[in-house]
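Structure first, commentary second.
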Amino acid sequence: MTADESGATPRGADAEGEAVGEAPAGDPAGGPEAGDGVVEDNGETGETGETGENNIAVKLEQLILGAERRYTPFQAARSAGVSMDLAARFWRAMGFADIGQVKALTEADVLALRRLAGLVEAGLLSEAMAVQVARSTGQTTARLADWQIDSFLEGLTEPQDSGLTRTEITYPLVELLLPELEEFLVYVWRRQLAAATGRVVQAQDDAEMVDRRLAVGFADLVGFTRLTRRLEEEELGELVEAFETTAADLVAAHGGRLIKTLGDEVLFAADDAGIAAEIGLRLIETMGHDETMPELRVGIAFGTVTTRMGDVFGTTVNLASRLTSIAPKDTVLVDQAFAEELGRTGDAPVSEADAAAAEKAAQEGTGSPPPPYRFALQPMWQRPVRGLGVVEPWMLTRRG
Numbered sequence: 004m005t006a007d008e009s010g011a012t013p014r015g016a017d018a019e020g021e022a023v024g025e026a027p028a029g030d031p032a033g034g035p036e037a038g039d040g041v042v043e044d045n046g047e048t049g050e051t052g053e054t055g056e057n058n059i060a061v062k063l064e065q066l067i068l069g070a071e072r073r074y075t076p077f078q079a080a081r082s083a084g085v086s087m088d089l090a091a092r093f094w095r096a097m098g099f100a101d102i103g104q105v106k107a108l109t110e111a112d113v114l115a116l117r118r119l120a121g122l123v124e125a126g127l128l129s130e131a132m133a134v135q136v137a138r139s140t141g142q143t144t145a146r147l148a149d150w151q152i153d154s155f156l157e158g159l160t161e162p163q164d165s166g167l168t169r170t171e172i173t174y175p176l177v178e179l180l181l182p183e184l185e186e187f188l189v190y191v192w193r194r195q196l197a198a199a200t201g202r203v204v205q206a207q208d209d210a211e212m213v214d215r216r217l218a219v220g221f222a223d224l225v226g227f228t229r230l231t232r233r234l235e236e237e238e239l240g241e242l243v244e245a246f247e248t249t250a251a252d253l254v255a256a257h258g259g260r261l262i263k264t265l266g267d268e269v270l271f272a273a274d275d276a277g278i279a280a281e282i283g284l285r286l287i288e289t290m291g292h293d294e295t296m297p298e299l300r301v302g303i304a305f306g307t308v309t310t311r312m313g314d315v316f317g318t319t320v321n322l323a324s325r326l327t328s329i330a331p332k333d334t335v336l337v338d339q340a341f342a343e344e345l346g347r348t349g350d351a352p353v354s355e356a357d358a359a360a361a362e363k364a365a366q367e368g369t370g371s372p373p374p375p376y377r378f379a380l381q382p383m384w385q386r387p388v389r390g391l392g393v394v395e396p397w398m399l400t401r402r403g
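Residue numbers (the numbering used here): 4 to 403.
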């Protein structure tokens, strides 16, 4: 077994973790070969051997990572005490491309490998679960970082009256923003983690913690493909951003969770059918008052849902998607299970005929007044849905 397979610290490694004994082929000194693209700092002028934007890019990387490039992937794996294979799996799971044996990793990369591997060694995570943690974290933060650069920093780094270029302004701006954004990210993550943990521990049993009964809804802009041909790119981007922002705010304000956005479509979930019904109708009502928005259609289903890496899967999700595709404009369609759940919780009458009879009896003084239903349900046409059999949708509206 080789040193990197055993996970032991290699013989000949110095106190800083730099491998100076065995080295990968083509890297006899444990460092980069000449011409491998590694940037060397001369320590005096601060120049890196590269000029222009490449030079500033390296300085920005060092500022953001808080450390200089020091390790090749091989050296980082050995210093962390993990196999090269596992280190590569973690690296790819986080969303980073293979970099060969370029000296591009820092002490923070080594520490991250040690932490993940340590969780596996302690039995807190399986190796497969540790890779999932790396993947989910990488995917989420990659999208966040792209958004911040594209939408946030770009607007703040327009050329100023001082005569400085955008590139020259970026470094001091990132230097000021970095600690604030980092603390805010940790704060929001802890808040979201507390909320997610609270939802899970309220489950009835262990099985329900993984496969839970949820209301899942899709909201889809009608005619979006035609809009893409008619609108300029900037106009289309503004429309999508307005739609996603409005939808996200409404879902959060009424107690739901935005699972993901797909440009012209959003996917949301709620633990309670009444909450999901309110969100669906609010989306229709709010978008309907915005003349710049196309019509909207919403489909919601209720049932067992599997959650993985912040996403939802299963027949319930597929049914909600199908209901959305057949919903008329500015309409919310729900499935039979969702209608039954609204009836069970008293948010909608099980039977409109029984509700009307109860109201009449109450007016005549011969019966008790019916519950204050919030929603009304109207059965629609039955129709076959591919992969799901015959489905009977219900149209959801506000009562009264």
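In this text, a Cβ means the ideal position worked out from N, Cα and C, and glycines have one as well. As the structure is a computational prediction, the values presented were derived from the model and not from experiment.
**Report entry** Status (buried if at least 16 other CB within 10 Å, exposed otherwise) for T173
**Finding:** Locating residue 173 in the sequence shown gives position 170, counting from the first residue. The residue in question, T173, is buried, as its Cβ has 16 or more Cβ neighbours within 10 Å.
Query - Alpha-carbon to alpha-carbon, V203 and A358 - result: On the sequence shown, residue 358 is found 355 positions in, with the first residue counted as 1. On the sequence shown, residue 203 is found 200 positions in, with the first residue counted as 1. Taking the straight line joining both Cα atoms gives about 35 Å.
Query raised in the report: For S1 versus M312, is the C-beta spacing smaller than 8 Å?
Result: The requested residue 1 is not part of the displayed model; the chain covers only 4 to 403.
Requested in this report: Have a look at R215 and V301 and give me their C-alpha separation to the nearest angstrom.
Outcome: Taking the first residue of the sequence shown as position 1, residue 215 is located at position 212. Taking the first residue of the sequence shown as position 1, residue 301 is located at position 298. Straight-line Cα distance between these residues: approximately 22 Å.
Query - Reference L326; option with closest CA among A304, A115, L116 - result: Counting from one through the sequence shown, the residue named residue 326 turns up at place 323. It is A304.
Query raised in the report: When the distance is taken between beta carbons, is S86 closer than 8 Å to A79?
Result: To locate residue 79, count along the sequence shown from 1; it is residue 76. To locate residue 86, count along the sequence shown from 1; it is residue 83. Taking 8 Å as the Cβ cut-off, A79 and S86 do not qualify as a contacting pair.
Report task. Pick out the complete beta strand (DSSP E) segments inside the stretch 185-258, 3 residues or longer, and give them in chain order. Result -> With a minimum length of 3 residues, the continuous beta strand (DSSP E) runs that stay inside the stretch 185-258 are 214-224.
Query - Whole-angstrom C-beta distance between T75 and V105, which should lie under 8 Å - result: The residue you call residue 105 lines up with position 102 of the sequence shown. The residue you call residue 75 lines up with position 72 of the sequence shown. Rounded, the Cβ-Cβ distance is 7 Å, consistent with contact.
Query raised in the report: Across which residues does DSSP place P374 in a beta bridge pair?
Result: By 1-based counting over the sequence shown, the position of residue 374 is 371. DSSP output for P374 lists no bridge partner at all.
**Report entry** Contact test: G121 Cβ vs the ligand FMN heavy atom, cutoff 7 Å
**Finding:** The ligand FMN is not among the ligands present in this structure, which contains no ligands whatsoever.
Query raised in the report: What separation, rounded to the nearest whole angstrom, lies between the Cα atoms of R72 and L179?
Result: As a first step, residue 72 is located in the sequence shown; it is residue number 69 there, counting from the start. As a first step, residue 179 is located in the sequence shown; it is residue number 176 there, counting from the start. R72 and L179 have their C-alpha atoms spaced approximately 22 Å apart.
Query raised in the report: Which same chain residues, not among the five before or five after A107, have their C-beta less than 6 Å away from its C-beta?
Result: Indexing the sequence shown from 1 puts residue 107 at position 104. So the qualifying residues of the chain are R72.
Query raised in the report: According to DSSP, is G306 helix, strand or coil?
Result: Along the sequence shown, one-based indexing puts residue 306 at 303. Correct three-state label for G306: strand.
Report task. Have a look at A6 and T200 and give me their C-alpha separation to the nearest angstrom. Result -> The residue labelled residue 6 in the question sits at position 3 within the sequence shown. The residue labelled residue 200 in the question sits at position 197 within the sequence shown. Confidence in A6 is poor, its pLDDT being 38 and thus under 50, which makes the residue's placement too unreliable to answer from.
**Report entry** Beta-carbon spacing of V269, A222 below 8 Å
**Finding:** Here the question's residue 269 lines up with position 266 in the sequence shown. Here the question's residue 222 lines up with position 219 in the sequence shown. In this structure, V269 lies near A222, with their beta-carbon atoms less than 8 Å apart.
Query raised in the report: Name the DSSP beta bridge partners of P311, please?
Result: The residue labelled residue 311 in the question sits at position 308 within the sequence shown. First, the residue type needs correcting, since residue 311 is Arg and not Pro in the sequence shown. In the DSSP assignment, R311 is bridged to D314.
Query raised in the report: Can you tell me whether DSSP reads E268 as helix, strand or coil?
Result: Numbered from 1 along the sequence shown, position 265 holds the residue referred to as residue 268. The answer is strand: DSSP assigns E268 an E or B state.
**Report entry** Whole-Å CB distance - A256 paired with L217, under 8 Å assumed
**Finding:** Within the sequence shown, numbered from 1, the residue matching residue 256 stands at position 253. Within the sequence shown, numbered from 1, the residue matching residue 217 stands at position 214. With a Cβ gap of about 18 Å, A256 and L217 do not count as contacting.
Query raised in the report: What is the C-beta distance between V225 and L176, in whole angstroms, given that I count them as a contact (C-beta under 8 Å)?
Result: In the sequence shown, residue 225 corresponds to position 222, counting from 1. In the sequence shown, residue 176 corresponds to position 173, counting from 1. About 41 Å separates the beta carbons of V225 and L176, which is beyond the 8 Å limit, so they are not a contact pair.
Query raised in the report: Under 8 Å, do A330 and L322 count as touching if we go by C-beta distance?
Result: Here residue 330 corresponds to residue number 327 of the sequence shown, with the count starting at 1. Here residue 322 corresponds to residue number 319 of the sequence shown, with the count starting at 1. Not in contact: A330 and L322 (Cβ atoms no closer than 8 Å).
Report task. Would you identify the three-state DSSP class for W397, choosing helix, strand or coil? Result -> Here the question's residue 397 lines up with position 394 in the sequence shown. Note: W397 maps to strand in three-state DSSP.
Query - C-alpha distance - T170 paired with V61, whole-angstrom precision - result: Here residue 170 refers to the residue found at position 167 when the sequence shown is read from its first residue. Here residue 61 refers to the residue found at position 58 when the sequence shown is read from its first residue. Approximately 13 Å, taken between the alpha carbons.
Requested in this report: Use the C-beta contact count for S328: other C-beta atoms within 10 angstroms, 16 or more gives buried, fewer gives exposed.
Outcome: As a first step, residue 328 must be located in the sequence shown, where it is residue number 325. When all chains shown are included, S328 counts as exposed.
Query raised in the report: Within this structure, are the beta carbons of L242 and T309 separated by less than 8 Å?
Result: Walking along the sequence shown from the start, residue 242 turns up at place 239. Walking along the sequence shown from the start, residue 309 turns up at place 306. Taking 8 Å as the Cβ cut-off, L242 and T309 do not qualify as a contacting pair.
Requested in this report: Can you give me the start and stop residues for the beta strand (DSSP E) that L336 sits inside?
Outcome: Here residue 336 refers to the residue found at position 333 of the sequence shown. Segment 334-337, the beta strand (DSSP E) holding L336.
Query raised in the report: Which word fits M132, buried or exposed, when buried means at least 16 other C-beta atoms lie within 10 angstroms of its C-beta?
Result: Within the sequence shown, residue 132 is the residue found at index 129, counting from 1. Exposed, because fewer than 16 other Cβ atoms sit within 10 Å of the Cβ of M132.
Query - Run of the alpha helix (DSSP H) containing V134, from where it starts to where it stops - result: Here residue 134 corresponds to residue number 131 of the sequence shown, with the count starting at 1. Run containing V134: 130-150, per the alpha helix (DSSP H) assignment.
**Report entry** Nearest-angstrom Cβ-Cβ length linking R377 and G277, presumed shorter than 8 Å
**Finding:** Counting from one through the sequence shown, the residue named residue 377 turns up at place 374. Counting from one through the sequence shown, the residue named residue 277 turns up at place 274. Contact holds; Cβ gap of about 7 Å.
Requested in this report: State yes or no: is the C-beta of I67 within less than 8 Å of the C-beta of L181?
Outcome: The residue you call residue 67 lines up with position 64 of the sequence shown. The residue you call residue 181 lines up with position 178 of the sequence shown. Yes; because the gap between Cβ atoms is below 8 Å, this pair is in contact.
Query raised in the report: Can you tell me whether D267 is buried or exposed, with buried defined as 16 or more other CB within 10 angstroms of its CB?
Result: One-based indexing of the sequence shown puts residue 267 at position 264. That one is buried.
Query raised in the report: For T307 versus T319, is the C-beta distance shorter than 8 Å?
Result: For the purposes of this step, residue 307 is taken as the residue at position 304 of the sequence shown. For the purposes of this step, residue 319 is taken as the residue at position 316 of the sequence shown. For T307 and T319, yes; Cβs fall inside 8 Å.
Requested in this report: Can you tell me the Cβ-Cβ gap for A279 and G220, rounded? I've got them flagged as a contact below 8 Å.
Outcome: For the purposes of this step, residue 279 is taken as residue 276 along the sequence shown, with counting starting at 1. For the purposes of this step, residue 220 is taken as residue 217 along the sequence shown, with counting starting at 1. Right, their Cβ atoms sit about 6 Å apart.
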